[in-house]
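S.K.:
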Amino acid sequence: MARSEDDKSVQQEARDAIDASKSRRALKRLGAMLDDPKNAALRNGVVKEGQKRGVVFPDELSAVPGKRLLRLARGREQSSRIRANPIAKDESFICNHCAADVPAHGRTARNHCPECLSSLHVDEVPGDRLSQCGGRMEAVGVALKNGEAILLHQCHRCGQTSRNRALLDGNNPDNWKLITKLSTRGHS
Ligand SMILES: [Zn+2]
Ligand SMILES: [Zn+2]
Numbered sequence: 033m034a035r036s037e038d039d040k041s042v043q044q045e046a047r048d049a050i051d052a053s054k055s056r057r058a059l060k061r062l063g064a065m066l067d068d069p070k071n072a073a074l075r076n077g078v079v080k081e082g083q084k085r086g087v088v089f090p091d092e093l094s095a096v097p098g099k100r101l102l103r104l105a106r107g108r109e110q111s112s113r114i115r116a117n118p119i120a121k122d123e124s125f126i127c128n129h130c131a132a133d134v135p136a137h138g139r140t141a142r143n144h145c146p147e148c149l150s151s152l153h154v155d156e157v158p159g160d161r162l163s164q165c166g167g168r169m170e171a172v173g174v175a176l177k178n179g180e181a182i183l184l185h186q187c188h189r190c191g192q193t194s195r196n197r198a199l200l201d202g203n204n205p206d207n208w209k210l211i212t213k214l215s216t217r218g219h220s
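Count along the sequence shown starting at 1, add 32, and that's the number in the working numbering.
(1) What separation, rounded to the nearest whole angstrom, lies between the Cα atoms of Lys209 and Gln192?
(2) Starting from Leu74, trace the alpha helix (DSSP H) both ways and give me its first and last residue.
(3) Output the boundary residues of the alpha helix (DSSP H) element that contains Lys177.
(4) What residue range is occupied by the uninterrupted alpha helix (DSSP H) comprising Leu59?
(5) Using only Cβ atoms and a threshold of 5 Å, which residues come within that distance of a heavy atom of ligand 1? Order them by chain position.
(6) Using the beta-carbon count (16 or more within 10 Å), is Ala105 buried or exposed?
(7) Tell me which same chain residues have a C-beta within less than 8 Å of the C-beta of Asp122, skipping the five on either side of it?
(8) Pull up the distance between the alpha-carbon of Pro118 and that of Leu162, whole angstroms please.
(9) Are the beta-carbon atoms belonging to Ile50 and Leu93 less than 9 Å from one another?
(10) Leaving out five residues before and five after Ile114 in sequence, what residues of the same chain have Cβ atoms less than 8 Å from its Cβ?
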């Protein structure tokens, strides 16, 4: 069998395992299966499948029991952990892109530089610091929603997009000139 077909069937098996792990009994059985070194390929497949679904796994993957791996791959543990406990601090920083010395905002945490509007791809959801990407998130567009300017950011490295409220108040409000250029570009 060709290698790519082989990989495909492992991925299919991994998807089946993730989807089948809904009941506790199945989770226990499939988890034990993944803990068997014989099934390393399937274990990798489960991780790959989870990553495709946007799950970020812990670094020490080999230490994670199969049962938990499946739960993570299904996105359950992840989503509850992320949303319950975001870390968003309002602090000063030096911009990685334009080197602006940015003061803390004063009311809320910033997620982009007020001068060049860029940020780093460090979050999966705002404030969680769970992404390993580290690419530059560039402001590529702007939309108005309920009277607020929402910036559309896109990562140069992996292409992920996110929407972030422009901060027009506080210390060093966002560069309004640059924001208007974005909207012009968006319409042309
Ligand atoms: Zn900057
Ligand atoms: Zn990225």
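For glycine and all other residues, C-beta sits at the position ideal for the given N, C-alpha and C.
M.R.: Taking the geometry as given:
(1) Taking the sequence shown and counting its residues from 1, the one referred to as residue 209 is at position 177. Taking the sequence shown and counting its residues from 1, the one referred to as residue 192 is at position 160. Distance between the alpha carbons of Lys209 and Gln192 is about 25 Å.
(2) For the purposes of this step, residue 74 is taken as residue 42 along the sequence shown, with counting starting at 1. That run of the alpha helix (DSSP H) goes Ala72 to Lys84.
(3) Position 145 of the sequence shown, counted from the first residue, corresponds to residue 177. No alpha helix (DSSP H) holds Lys177; the beta strand (DSSP E) holding it covers Arg168 to Lys177.
(4) The residue given as residue 59 occupies position 27 in the sequence shown. Arg56 to Asp67 is the span of the alpha helix (DSSP H), which, as asked, contains Leu59.
(5) Cys127, His129, Cys130, Ala132, Cys145, Glu147 and Cys148
(6) Indexing the sequence shown from 1 puts residue 105 at position 73. Label assigned to Ala105: buried.
(7) As a position in the sequence shown, residue 122 is number 90, starting the count at 1. In chain order, Ala136, His137, Gly138, Arg139, Thr140, Ala141 and Arg142 place their CB closer than 8 Å to the CB of Asp122, counting only its own chain and leaving out the 5 sequence neighbours on each side.
(8) Along the sequence shown, one-based indexing puts residue 118 at 86. Along the sequence shown, one-based indexing puts residue 162 at 130. With a pLDDT of 48 at Pro118, under the threshold of 50, the modelled position of this residue cannot be trusted; read the value that follows with caution. Computed Cα separation, rounded: 10 Å.
(9) Position 18 of the sequence shown, counted from the start, is the residue given in the question as residue 50. Position 61 of the sequence shown, counted from the start, is the residue given in the question as residue 93. Not a contact, by the Cβ cut-off of 9 Å.
(10) Translated into the one-based positions of the sequence shown, residue 114 becomes position 82. For Ile114, the pLDDT reaches just 43, beneath the cut-off of 50, and the residue's location in the model is therefore unreliable, although a value from the coordinates is still provided. For Ile114, where only same-chain residues beyond five positions count, the Cβ hits under 8 Å are Glu156, Val157, Asp160 and Leu162.
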